[in-house]
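K.L.:
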Amino acid sequence: MSLHLYNSLSRTLEPFAPADPDCPTLYLCGPTVYNYVHIGNARGPVVFDVLAALLRRRYKALKYARNITDVDDKINAAAKEAGVPISVITDKYAHAYVEDMSALGVQAPDIAPAATAHIAEMIAMIETLIENGHAYAAEGHVLFSVNAFADYGKLSRRDIEDMRAGARVEVAPYKRDPGDFVLWKPSTDDLPGWTSPWGRGRPGWHIECSAMAAKHLGETIDIHAGGVDLQFPHHENEIAQSECAHGGKVFARWWLHNGMLNFDGAKMSKSVGNIERVHELIQKHPPEALRLALLSAHYRQPLEWSDRLVDQSIRTLDRLYGTLRELDGIEAQAVIPDSIEAALNDDLNTPAALAEIARIAADARKATSMEDKVRLKSELLGAGLALRLLQQEPDTWFSRGATEDEDASIQALVDARTEAKQNRDFAKADALRAQLDGLGIQLEDTPQGVRWTRKA
Numbered sequence: 011m012s013l014h015l016y017n018s019l020s021r022t023l024e025p026f027a028p029a030d031p032d033c034p035t036l037y038l039c040g041p042t043v044y045n046y047v048h049i050g051n052a053r054g055p056v057v058f059d060v061l062a063a064l065l066r067r068r069y070k071a072l073k074y075a076r077n078i079t080d081v082d083d084k085i086n087a088a089a090k091e092a093g094v095p096i097s098v099i100t101d102k103y104a105h106a107y108v109e110d111m112s113a114l115g116v117q118a119p120d121i122a123p124a125a126t127a128h129i130a131e132m133i134a135m136i137e138t139l140i141e142n143g144h145a146y147a148a149e150g151h152v153l154f155s156v157n158a159f160a161d162y163g164k165l166s167r168r169d170i171e172d173m174r175a176g177a178r179v180e181v182a183p184y185k186r187d188p189g190d191f192v193l194w195k196p197s198t199d200d201l202p203g204w205t206s207p208w209g210r211g212r213p214g215w216h217i218e219c220s221a222m223a224a225k226h227l228g229e230t231i232d233i234h235a236g237g238v239d240l241q242f243p244h245h246e247n248e249i250a251q252s253e254c255a256h257g258g259k260v261f262a263r264w265w266l267h268n269g270m271l272n273f274d275g276a277k278m279s280k281s282v283g284n285i286e287r288v289h290e291l292i293q294k295h296p297p298e299a300l301r302l303a304l305l306s307a308h309y310r311q312p313l314e315w316s317d318r319l320v321d322q323s324i325r326t327l328d329r330l331y332g333t334l335r336e337l338d339g340i341e342a343q344a345v346i347p348d349s350i351e352a353a354l355n356d357d358l359n360t361p362a363a364l365a366e367i368a369r370i371a372a373d374a375r376k377a378t379s380m381e382d383k384v385r386l387k388s389e390l391l392g393a394g395l396a397l398r399l400l401q402q403e404p405d406t407w408f409s410r411g412a413t414e415d416e417d418a419s420i421q422a423l424v425d426a427r428t429e430a431k432q433n434r435d436f437a438k439a440d441a442l443r444a445q446l447d448g449l450g451i452q453l454e455d456t457p458q459g460v461r462w463t464r465k466a
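Position one of the sequence shown corresponds to residue 11 (our numbering), numbered consecutively onward.
1. Per DSSP, lysine 376 is paired with what?
2. Where do the N-terminal and C-terminal ends of the alpha helix (DSSP H) with glutamate 336 fall, by residue?
3. Please classify threonine 360: does DSSP put it in a helix, a strand, or coil?
4. Please classify methionine 11: is it buried, with 16 or more other beta-carbons within 10 angstroms of its beta-carbon, or exposed?
5. Taking 8 angstroms as the threshold (C-beta atoms), are arginine 76 and proline 28 in contact?
6. What residue does the beta strand (DSSP E) around asparagine 268 start on, and which one ends it?
7. Could you tell me whether the Cβ atoms of glutamate 229 and lysine 259 are closer together than 8 angstroms?
8. Give the single residue among Glu381, Glu389, Gly339 whose Cα lies nearest to the Cα of aspartate 348.
9. Which one or two residues does DSSP pair with proline 213 in a beta bridge?
10. My understanding is that serine 220 touches glutamine 251, with C-beta atoms under 8 angstroms, so please give their C-beta distance in whole angstroms.
11. Could you please give the first and the last residue of the uninterrupted alpha helix (DSSP H) stretch that includes tryptophan 407?
12. What span of residues does the alpha helix (DSSP H) with proline 297 cover, start to end?
13. Rounded to the nearest angstrom, how far is the Cβ of proline 361 from that of histidine 226, given a contact under 8 angstroms?
14. Roughly how many angstroms separate the alpha carbons of threonine 463 and valine 424, rounded to a whole number?
15. Just to confirm before moving on: does the CB-CB distance between valine 181 and threonine 100 stay below 8 angstroms?
16. Helix, strand or coil for arginine 385, going by three-state DSSP, please let me know.
17. Measuring CB to CB, does leucine 354 end up less than 8 angstroms from valine 60?
18. Just how far apart, CA to CA, sit alanine 444 and threonine 79?
19. Going straight from the alpha carbon of arginine 66 to that of leucine 72, what length do you get?
20. Can you list, in chain order, the residues of its chain with a C-beta nearer than 6 angstroms to that of leucine 446? Leave out the 5 residues immediately preceding and following it.
21. Once the 5 residues before and after leucine 64 are set aside, which same chain residues still bring their CB inside 6 angstroms of it?
22. Would DSSP call glutamine 343 helix, strand or coil?
23. Could you tell me the boundaries of the alpha helix (DSSP H) in which glutamine 251 lies?
24. Tell me the DSSP secondary structure of glutamate 141 in three-state form.
25. Between which residues of its own chain and tyrosine 146 is the CB-CB distance below 8 angstroms, once the five residues before and five after are set aside?
26. Counting C-beta neighbours from all protein chains within 10 Å, is the total for arginine 301 16 or more, i.e. buried, or is it exposed?
27. Assign glutamate 429 to one of three DSSP states: helix, strand, or coil.
28. Which residues bound the alpha helix (DSSP H) around proline 55?
29. Using 8 angstroms as the cut-off, can you tell me whether the segment 308 to 327 makes contact with the segment 373 to 381, which would need three or more C-beta pairs spanning the two stretches below that distance?
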C-alpha cells in the first residue's frame, strides 16, 4: 500500500515518494526555549512521531531533524527578568522539553540542532542572498527583499499586497518594502551577539531553520512539518530565503501542517494565556492518556482540548489495558495489522487507527479459542506500537500513582468482599463495595476473578 500525505503547498493528497528511495528526510520546527511548552506545542511532535515511525517501517532509514531555537528576543527578555545569562534559560527549558516529550512517548529525532551552534551557516547563507540580490544590508540589519522572489506567498496563497497590509512587522525606515523581513539584526552590549560582516548582532528567526535544514538534511528536503500557525510568515519566509540561496532548488517537496488546539473555543496560545503546560499536565494525568488525546482527531483538524477529553482518553486506555490484562499469560508478539498501516498511510488517519484498535480489543474480549486470543493480542500490541500506545504492562497502568502499600490495602478489601460473597454475607459485601467505591475503585467481574481499577 502506498503512503499518501496532504501537501499544503499543492493543497492536494499526494502519493509520497522520497528523493532518496532508501532514506527520506523530515524536518520539524522545534520549540523556542524560554518557558515550558504548552500542550498545543506538543501536538506536532506527537503526530509527526507517528509519521517518523511509519517512515522507518517503510524505508531502510530516515533522517529526522527537530531544531531547538535558543536565540530569540523572548529568551532575552526571560533572561533579563531572571537576571541570568540566556544559556541558563535555554539549557533549563531545552532539557525540560526533551523530558516532557519523552514522557509523551515521543522518540528523540536523529538530529536536534540548536540555532546558536549554526551561526556560521546562517551568516554564509545571508552573504549568498546579498550577493545574488535577494537581500540587502541597512543600518546594521540585513533584510530579505520579498520583491526579489516572484513566488513569495506560494505556500500560504496570500497576495503580496494583502501581506503588506496585514503583516505583523515593524515598518522601519531602513526597509525598502514593508514586507521585507529580517535576516540579521544588531545587538546592543546587553544582548547576545556574534561577529558578522554587518557588525555584532544576532540572526532573525526564519533564517535559523533554513540554515539548519540545509546543513543536516540538504538543500532540498522531502518533508517539512509544523503547526499551521507557522505557515505564514515563518514557513513562507523559509521557502523564500532557502530557494533564493540555493539557486532556485525546491526547499521542501511536502509541507505538512497540524491544526491548532482550542481551549474553550479559542486557540491555545501563550499570548492569550489560555494554556496548559505539558510539564504540569504530566504530573496530573497519565502521559499516555495525553498522547492518546492528541491523536484522537485528524492532525490537520483543530482539536478541542478539555478535561473531558483527557478523562475519556483515560477510560479508553482502561478498557484497552483491561483487555490485555484479561489476556495475561498468553504469549504473543506485536504484529502491526494491515488495517492500522492502511489508516496511517492515508494521511496519518489516527482516528481511523484508534477505531481499529477498539475493534481489535472488542474481538479479543469475545474470543474463545486460544488461536484467536493469541492472534488478537498480537494485533492489539502491534496496533498500539504503531501509535506508541499500550507499551507498558497492564498492572503498571492500573497502579499508576499508587504505592505498593495502597495497592495491597485495596486488594485486601477486594478479597474480603469476594470472601463475604462466597459466605453469602451480602450485607458485608455491599458495604465493602461501597467503601471501595468511595476510594475511587471500580470493580469488574471476569472469568479470571475480580479485577479492580481506579476511576478516572
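In this text, a Cβ means the ideal position worked out from N, Cα and C, and glycines have one as well.
P.N.:
Per the coordinate set shown:
1. In the sequence shown, the residue the question calls residue 376 occupies position 366. Listed as beta-bridge partners of lysine 376 by DSSP are no residues whatsoever.
2. To locate residue 336, count along the sequence shown from 1; it is residue 326. Segment 317 to 336, the alpha helix (DSSP H) holding glutamate 336.
3. Sequence index remark: in the sequence shown, residue 360 carries index 350 (1-based). Note: threonine 360 maps to helix in three-state DSSP.
4. As a first step, residue 11 is located in the sequence shown; it is residue number 1 there, counting from the start. Label assigned to methionine 11: exposed.
5. In the sequence shown, the residue the question calls residue 28 occupies position 18. In the sequence shown, the residue the question calls residue 76 occupies position 66. No. Outside cutoff.
6. On the sequence shown, position 258 is the one that residue 268 refers to. 262 to 268 is the span of the beta strand (DSSP E), which, as asked, contains asparagine 268.
7. Counting from one through the sequence shown, the residue named residue 229 turns up at place 219. Counting from one through the sequence shown, the residue named residue 259 turns up at place 249. Cβ atoms of glutamate 229 and lysine 259: closer than 8 angstroms.
8. Residue 348 sits at position 338 when you count from the first residue of the sequence shown. Residue Glu389 is the option with its Cα nearest to aspartate 348.
9. Taking the sequence shown and counting its residues from 1, the one referred to as residue 213 is at position 203. Note: proline 213 sits in a beta bridge opposite Trp194.
10. On the sequence shown, position 210 is the one that residue 220 refers to. On the sequence shown, position 241 is the one that residue 251 refers to. That pair is a contact at about 5 angstroms.
11. For the purposes of this step, residue 407 is taken as residue 397 along the sequence shown, with counting starting at 1. In this chain, the alpha helix (DSSP H) harbouring tryptophan 407 covers 404 to 408.
12. The sequence position of residue 297 within the sequence shown is 287, counting from 1. Start and end: 297 to 304.
13. Along the sequence shown, one-based indexing puts residue 361 at 351. Along the sequence shown, one-based indexing puts residue 226 at 216. In fact, because the Cβ distance is near 33 angstroms, the residues do not count as touching under 8 angstroms.
14. As a working mapping, residue 463 is identified with position 453 in the sequence shown. As a working mapping, residue 424 is identified with position 414 in the sequence shown. Taken atom to atom, the span from the alpha-carbon of threonine 463 to that of valine 424 is near 11 angstroms.
15. Translated into positions along the sequence shown, residue 181 becomes position 171. Translated into positions along the sequence shown, residue 100 becomes position 90. Not in contact: valine 181 and threonine 100 (Cβ atoms no closer than 8 angstroms).
16. Along the sequence shown, read from residue 1 onward, the residue named residue 385 stands at position 375. Residue state, collapsed to three classes: helix.
17. Along the sequence shown, one-based indexing puts residue 354 at 344. Along the sequence shown, one-based indexing puts residue 60 at 50. A contact, by the Cβ cut-off of 8 angstroms.
18. Counting from 1 along the sequence shown, the entry for residue 444 is found at position 434. Counting from 1 along the sequence shown, the entry for residue 79 is found at position 69. If you take the alpha carbons of alanine 444 and threonine 79, they lie about 53 angstroms apart.
19. Here residue 66 corresponds to residue number 56 of the sequence shown, with the count starting at 1. Here residue 72 corresponds to residue number 62 of the sequence shown, with the count starting at 1. If you take the alpha carbons of arginine 66 and leucine 72, they lie about 6 angstroms apart.
20. Here the question's residue 446 lines up with position 436 in the sequence shown. Closer than 6 angstroms at Cβ, skipping near neighbours: Leu423.
21. For this step, residue 64 is matched to residue 54 along the sequence shown. Counting only Cβ-Cβ distances below 6 angstroms, and skipping sequence neighbours, we find Leu354.
22. As a working note, residue 343 is residue 333 in the sequence shown. Secondary structure at glutamine 343: coil, using DSSP grouped into helix, strand and coil.
23. Against the sequence shown, residue 251 aligns to sequence position 241. Counting along the chain, glutamine 251 sits inside the alpha helix (DSSP H) bounded by residues 246 to 255.
24. Numbered from 1 along the sequence shown, position 131 holds the residue referred to as residue 141. Three-state result, glutamate 141: helix.
25. Residue 146 sits at position 136 when you count from the first residue of the sequence shown. Here the set comprises Ile140, Val152, Leu153, Ser155, Arg186.
26. Numbered from its first residue, the sequence shown carries residue 301 at position 291. Buried.
27. For the purposes of this step, residue 429 is taken as the residue at position 419 of the sequence shown. Helix, per DSSP.
28. Position 45 of the sequence shown holds residue 55. Unbroken alpha helix (DSSP H) run through proline 55: 49 to 68.
29. no
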